[in-house]
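Chemist:
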Amino acid sequence: MPIRIICLGKTRETWIKQGLAEYQKRLNRQWQVQWQELKDASLATEGSIEKVKNQEAQILLKALPADAYVIALDEKGNRLTSPALAARLQEVLDHTEAVFVIGGVYGLAESIRTRADFVLSCSDLTFPHQLIRLLLMEQIYRSYAICNGKTYHY
23 MPIRIICLGK TRETWIKQGL AEYQKRLNRQ WQVQWQELKD ASLATEGSIE
73 KVKNQEAQIL LKALPADAYV IALDEKGNRL TSPALAARLQ EVLDHTEAVF
123 VIGGVYGLAE SIRTRADFVL SCSDLTFPHQ LIRLLLMEQI YRSYAICNGK
173 TYHY
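Position in the sequence shown (from 1) plus 22 gives the number in this note's numbering.
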């Protein structure tokens, strides 16, 4: 089953694009990651942060497959160790598509957290939404390595 990452806005930094490409290359066909970059909302257009988050939530909800296991990345989510994330991903991928959701610059609306099957926090620290893409890809590769007995994790 594939892994999809749905995010808002384009990846702009060259070094982040290079890192994403490197991890994509390391994954074999069994764990290929598909990216779906959606247009983010503008504070200038929407007028308030809550309106931006709600507009982006509508965009994200339309893109989410009904039968996929959705993992939303949010600072208020649950923290997992890398082996625990690997085990969860392997279990999900044995049955359905895993879809990670990364919000825009202001984070996710409550409706996305509610729709998610699991809400994951990568850290107690706050990261830019562009950088979290690279951190997530590294963790997906680490999960792949753990599940396939590779030494990368150790």
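We treat Cβ as the ideally placed atom computed from N, Cα and C, and that holds for glycine.
1. As a quick exercise: from Trp53, Val123, Gln77 and Ala167, pick the residue whose alpha carbon is nearest that of Ala138.
2. So what's Cys29 in DSSP terms, helix, strand or just coil?
3. With distances taken between CB atoms, is the gap from Asp96 to Glu78 smaller than 9 Å?
4. So for Tyr91, helix, strand or coil by DSSP?
5. Excluding the 5 residues preceding and the 5 following Val127 in the sequence, name in chain order all residues of the same chain whose CB lies nearer than 7 Å to its CB.
6. Suppose you measure from the CA of Phe149 to the CA of Leu130; what does that come to, to the nearest Å?
7. Would you check if there are 3 or more beta carbon pairs closer than 8 Å linking the stretch 42-49 to the stretch 152-163?
8. According to DSSP, simplified to helix, strand and coil, what is Glu59?
9. Determine whether the beta carbon atoms of Ile134 and Leu82 lie at a separation below 9 Å.
10. Closer than 8 Å to a non-hydrogen atom of the ligand FAD - does that hold for the CB of Ala63?
11. Is Val121 helix, strand or coil when you go by DSSP?
12. How would you call Arg51, buried or exposed, if buried means at least 16 neighbouring beta carbons within 10 angstroms?
13. Using C-beta distances below 7 Å, list every residue in its chain close to Ala85, excluding the 5 sequence neighbours before and after it, in chain order.
14. Bridge partners for Phe140 per DSSP, in chain order?
15. Does DSSP put Asn170 in a helix, a strand or coil?
Modeler: Taking the coordinates as given:
1. One-based indexing of the sequence shown puts residue 138 at position 116. Closest in alpha carbon position to Ala138, among Trp53, Val123, Gln77 and Ala167, is Val123.
2. In the sequence shown, the residue the question calls residue 29 occupies position 7. Of the three classes helix, strand and coil, the one that applies to Cys29 here is strand, per DSSP.
3. Counted from its first residue, the sequence shown places residue 96 at position 74. Counted from its first residue, the sequence shown places residue 78 at position 56. Using a Cβ distance threshold of 9 Å, Asp96 and Glu78 do not count as a contacting pair.
4. Along the sequence shown, one-based indexing puts residue 91 at 69. Note: Tyr91 maps to strand in three-state DSSP.
5. Along the sequence shown, read from residue 1 onward, the residue named residue 127 stands at position 105. Correct list, in chain order: His151.
6. Reading the sequence shown from its first residue, position 127 is the one you call residue 149. Reading the sequence shown from its first residue, position 108 is the one you call residue 130. Roughly 14 Å separates the two Cα atoms.
7. Contact holds: three or more Cβ-Cβ distances are below 8 Å.
8. Within the sequence shown, residue 59 is the residue found at index 37, counting from 1. Of the three classes helix, strand and coil, the one that applies to Glu59 here is strand, per DSSP.
9. As a position in the sequence shown, residue 134 is number 112, starting the count at 1. As a position in the sequence shown, residue 82 is number 60, starting the count at 1. Result yes, Cβ atoms of Ile134 and Leu82 sit closer than 9 Å.
10. With respect to small molecules bound, the structure shown includes none, and the ligand FAD cannot be examined in it.
11. For the purposes of this step, residue 121 is taken as residue 99 along the sequence shown, with counting starting at 1. In the structure shown, Val121 sits in a strand (DSSP, three-state: E or B).
12. Counting from one through the sequence shown, the residue named residue 51 turns up at place 29. So Arg51 ends up on the exposed side.
13. Within the sequence shown, residue 85 is the residue found at index 63, counting from 1. So the qualifying residues of the chain are Ile28, Gln58 and Leu60.
14. Position 118 of the sequence shown holds residue 140. In DSSP, Phe140 forms a bridge with Ile93.
15. Sequence index remark: in the sequence shown, residue 170 carries index 148 (1-based). Coil at Asn170, not helix or strand.
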